[in-house]
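Trainee:
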Ligand SMILES: [Ca+2]
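Numbering (my numbering), first residue to last: 239 to 496.
(1) Tell me, please, whether the region 436-445 touches the region 458-473 by the rule of three or more beta-carbon pairs shorter than 8 Å.
(2) Given residue 251, which residues of its chain have a CB within under 6 Å of its CB, disregarding the five upstream and five downstream residues?
(3) Is the beta carbon of residue 308 closer than 8 Å to that of residue 376?
(4) Using only the heavy atoms of ligand 1, determine whether one of them is closer than 7 Å to the beta carbon of residue 414.
(5) Need the endpoints of the alpha helix (DSSP H) that residue 457 sits in, please.
(6) Just mark residue 291 as buried or exposed, buried being the case when its beta carbon has 16 or more other beta carbons within 10 Å.
(7) What residue from 449, 394, 402, 298 has the CA that sits closest to residue 340's CA?
(8) My output table needs one value for residue 308: the three-state DSSP class, helix, strand or coil.
(9) Taking DSSP as the reference, what is the three-state secondary structure of residue 314?
(10) Which class does residue 498 belong to by DSSP, given the choice of helix, strand or coil?
(11) Under 7 Å: does the beta carbon of residue 470 sit that close to some heavy atom of ligand 1?
(12) Report buried or exposed for residue 473, applying the criterion of at least 16 other Cβ atoms within 10 angstroms of its Cβ.
(13) Using C-beta distances below 7 Å, list every residue in its chain close to residue 381, excluding the 5 sequence neighbours before and after it, in chain order.
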């Protein structure tokens, strides 16, 4: 009798916990358009603005900032970084572009129109992805945490954990970011997944499985390390642009339930 009551108490206690951890929906990208992408671009940051894509590409000696025509994939404006820097995430704040670097602890601030360097920012730790929700900057750094930063001063406000079904993520997953309303979309490094994260709680609320974007033949032709990375949102069409490091294609998609 005791044991039955005990089991009932445990069941009742677990019920609210189970209710709090529903199955995480798996979404698929529905491809609307396919555009060319520079297969020499080791994509580390991507954003859409005013009908054009802005791209930050990495690697030492090859890092760039680019303005790219979507339809042709052609680079219209290009700035090469000093070979000491490995460029990472990219975001626009007002009339400025902010470009992170991987391990140099330094971000570059450019005039949005001219790409003229107007400031540098020092920060602690690594720089991976960056997005701006109109109020705050969100930054990934190779950990399971996102840093929330003041968009004007870049000062760290809070560093918050990202969780998947109550568990902290492994390190080195959260990569390129995109702020869309209440969500932050994050490429999961070295995987074909994109996390949809609740920006207020750090909880992953959906998993986008982008494995089918490239054919097996296209995938086989890529160099090692050429993984999904690069996600940009166009609020006018409510579509996403998605690519990868050295991918030959840029996909315009919406995320749908299978
Ligand atoms: Ca982005």
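All C-beta atoms in this analysis are idealised placements derived from N, C-alpha and C, irrespective of residue type, glycine included.
Mentor: Judging by the given coordinates:
(1) Touching, no, given that fewer than three Cβ pairs across the two stretches are closer than 8 Å.
(2) Numbered from its first residue, the chain shown carries residue 251 at position 13. With a pLDDT of 43 at residue 251, under the threshold of 50, the modelled position of that residue is not reliable, and the figure given next carries that caveat. Sequence-distant partners of residue 251 (beyond 5 residues in either direction) whose C-beta falls short of 6 Å from its own C-beta are missing from its chain.
(3) One-based indexing of the chain shown puts residue 376 at position 138. One-based indexing of the chain shown puts residue 308 at position 70. The answer is no: Cβ separation not under 8 Å.
(4) Here residue 414 is taken as the residue at index 176 of the chain shown, counted from 1. The answer is yes for residue 414.
(5) Start at 1 with the first residue of the chain shown, and residue 457 comes out as number 219. Its alpha helix (DSSP H) spans residues 454-458.
(6) As a working note, residue 291 is residue 53 in the chain shown. Of the residues assessed, residue 291 falls on the buried side of the cut-off, its CB having 16 or more other CB atoms within 10 angstroms.
(7) Position 102 of the chain shown holds residue 340. Out of 449, 394, 402, 298, 298 has the C-alpha closest to the C-alpha of residue 340.
(8) Here residue 308 refers to the residue found at position 70 of the chain shown. Reduced to three states, the DSSP call for residue 308 is coil.
(9) Counted from its first residue, the chain shown places residue 314 at position 76. Reduced to three states, the DSSP call for residue 314 is strand.
(10) With the chain running from 239 to 496 in the structure shown, residue 498 is simply not present.
(11) On the chain shown, residue 470 is found 232 positions in, with the first residue counted as 1. In terms of side-chain proximity, the C-beta atom of residue 470 is found nearer than 7 Å to a non-hydrogen atom of ligand 1.
(12) Locating residue 473 in the chain shown gives position 235, counting from the first residue. Exposed, since its Cβ has fewer than 16 Cβ neighbours within 10 Å.
(13) Mapped onto the chain shown, residue 381 falls at position 143. Cβ within range, chain order: 409.
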